[in-house]
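Asks: Sequential numbering from 28 applies to the sequence shown in our numbering. Dropping the structure in here first, questions after.
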Amino acid sequence: MPAILDQSLHEWRDFYMLGGAACATLIGLMFVAASIASSLFTNKHLEPMRAFVTPTVVHFAAAFFVCLVAVAPGHSARSLGCILGLGALAGLAYCGRIFGLIFRRFSAGLDWEDRAFYALIPVAGYLLLLAAAALEFDDQPNEASLLAAIGVAVTIAAGLRNAWDMTVWMTTRPPGAEPPVPAPPE
Numbered sequence: 028m029p030a031i032l033d034q035s036l037h038e039w040r041d042f043y044m045l046g047g048a049a050c051a052t053l054i055g056l057m058f059v060a061a062s063i064a065s066s067l068f069t070n071k072h073l074e075p076m077r078a079f080v081t082p083t084v085v086h087f088a089a090a091f092f093v094c095l096v097a098v099a100p101g102h103s104a105r106s107l108g109c110i111l112g113l114g115a116l117a118g119l120a121y122c123g124r125i126f127g128l129i130f131r132r133f134s135a136g137l138d139w140e141d142r143a144f145y146a147l148i149p150v151a152g153y154l155l156l157l158a159a160a161a162l163e164f165d166d167q168p169n170e171a172s173l174l175a176a177i178g179v180a181v182t183i184a185a186g187l188r189n190a191w192d193m194t195v196w197m198t199t200r201p202p203g204a205e206p207p208v209p210a211p212p213e
């Protein structure tokens with residue numbers, strides 16, 4: 028590993044360790060919340076789960092993955108750039124799918140804040156990770172580490188907000204409540 032990449036990753040090690048631990052904990056809490064609210068999740072709720080619950084877990088898992096990769100030893104700038112870039116592209120593709128689902132099927136029942144945090148802000152996190160990957164290829168590891176850290180933080184922040192939003196929704200609905208009504212297919 029080149030000395031400058033090693034030094035840059037070392038300087039960010041605590042951030043990635045804390046971020047990874049936070050993501051792992053938050054993923055676990057999402058499973059606990061889903062288990063507690065399992066009476067809400069019926070076949071009628073399958074599509075809303077795919078649009079809201081699953082993406083939040085996926086975004087936490089993506090941030091967790093970036094944190095794991097960043098603290099793994101033995102990276103070259105190219106290997107780290109490849110892993111970050113491929114992960115960011117996969118995240119962007121997934122966001123595109125979720126974006127389409129939310130805006131086609133649930134936009135009538137969502138306010139602007141929900142649309143932004145569920146569909147748009149995670150895109151910003153993945154774009155930052157993609158930019159970090161490009162900077163790794165350009166041999167700018169300090170700048171890449173900063174952008175990757177911001178990308179992770181943006182993704183975690185969106186996930187935290189969404190997890191809280193879902194928790195409030197789950198705890199304020201009586202058992203057997205109707206899910207958000209999707210728009211009819213076009």
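Beta carbons are placed, not taken as given, at the ideal position from N, Cα and C, and that holds for glycine. Note that the structure is a prediction, hence the values are computed from the model and not measured.
Of the choices Phe-79, Phe-58, Cys-94 and Ile-54, whose alpha-carbon is the least far from that of Ala-180?
Replies: Ranking Phe-79, Phe-58, Cys-94 and Ile-54 by Cα distance to Ala-180 puts Cys-94 first.
Asks: Only counting the same chain, and skipping five residues up and downstream in sequence, which positions put a Cβ closer than 6 Å to that of Ile-177?
Replies: Excluding positions up to five away in sequence, the list reads Leu-155.
Asks: Considering Ser-106, what are the terminal residues of the alpha helix (DSSP H) in which it resides?
Replies: Segment 104-128, the alpha helix (DSSP H) holding Ser-106.
Asks: If we count the other Cβ atoms within 10 Å of its Cβ and call it buried at 16 or more, is Thr-199 buried or exposed?
Replies: The residue is exposed, with fewer than 16 neighbouring Cβ atoms inside 10 Å.
Asks: Report all residues from its chain with a CB closer than 7 Å to the CB of Phe-144; omit the five preceding and five following residues, and keep chain order.
Replies: Counting only Cβ-Cβ distances below 7 Å, and skipping sequence neighbours, we find Ala-185, Arg-188 and Asn-189.
Asks: Could you check whether Met-197 and Ile-63 sit closer than 9 Å to each other, using their CB atoms as the reference points?
Replies: Yes. Within cutoff.
Asks: Run the CB neighbour count on Glu-140, radius 10 Å, all protein chains shown included, and call it buried at 16 or more, exposed below.
Replies: With fewer than 16 other Cβ atoms within 10 Å, it is exposed.
Asks: May I ask you to report which of helix, strand or coil DSSP gives Asp-165?
Replies: Correct three-state label for Asp-165: coil.
Asks: Evaluate Glu-163 with the Cβ neighbour count: other Cβ atoms within 10 Å of its Cβ, from every protein chain shown; 16 or more gives buried, anything less gives exposed.
Replies: That one is buried.
Asks: In whole angstroms, what is the alpha-carbon distance linking Val-80 and Ile-125?
Replies: For Val-80 and Ile-125, the distance between alpha carbons rounds to 11 Å.
Asks: The alpha helix (DSSP H) spanning Val-96 covers which residue range?
Replies: Here the alpha helix (DSSP H) through Val-96 covers 81-98.
Asks: Keeping to the same chain, check which residues put their C-beta closer than 7 Å to that of Ala-51; ignore five residues upstream and five downstream.
Replies: Counting only Cβ-Cβ distances below 7 Å, and skipping sequence neighbours, we find Phe-91.
Asks: Ala-160 and Cys-109 - do their beta-carbons sit closer together than 9 Å?
Replies: Yes.
Asks: What's the call for Phe-58, buried or exposed, on a 16-neighbour Cβ count within 10 Å?
Replies: Its Cβ having fewer than 16 others within 10 Å, Phe-58 is exposed.
Asks: Leaving out the 5 sequence neighbours to the left and right, which residues in its chain are closer than 8 Å to Leu-268 when beta-carbon positions are compared?
Replies: Only positions 28 to 213 of the chain appear in this structure, which leaves residue 268 out of reach.
Asks: Considering just the uninterrupted stretch of the alpha helix (DSSP H) at Gly-55, what are its terminal residues?
Replies: 40-63 is the span of the alpha helix (DSSP H), which, as asked, contains Gly-55.
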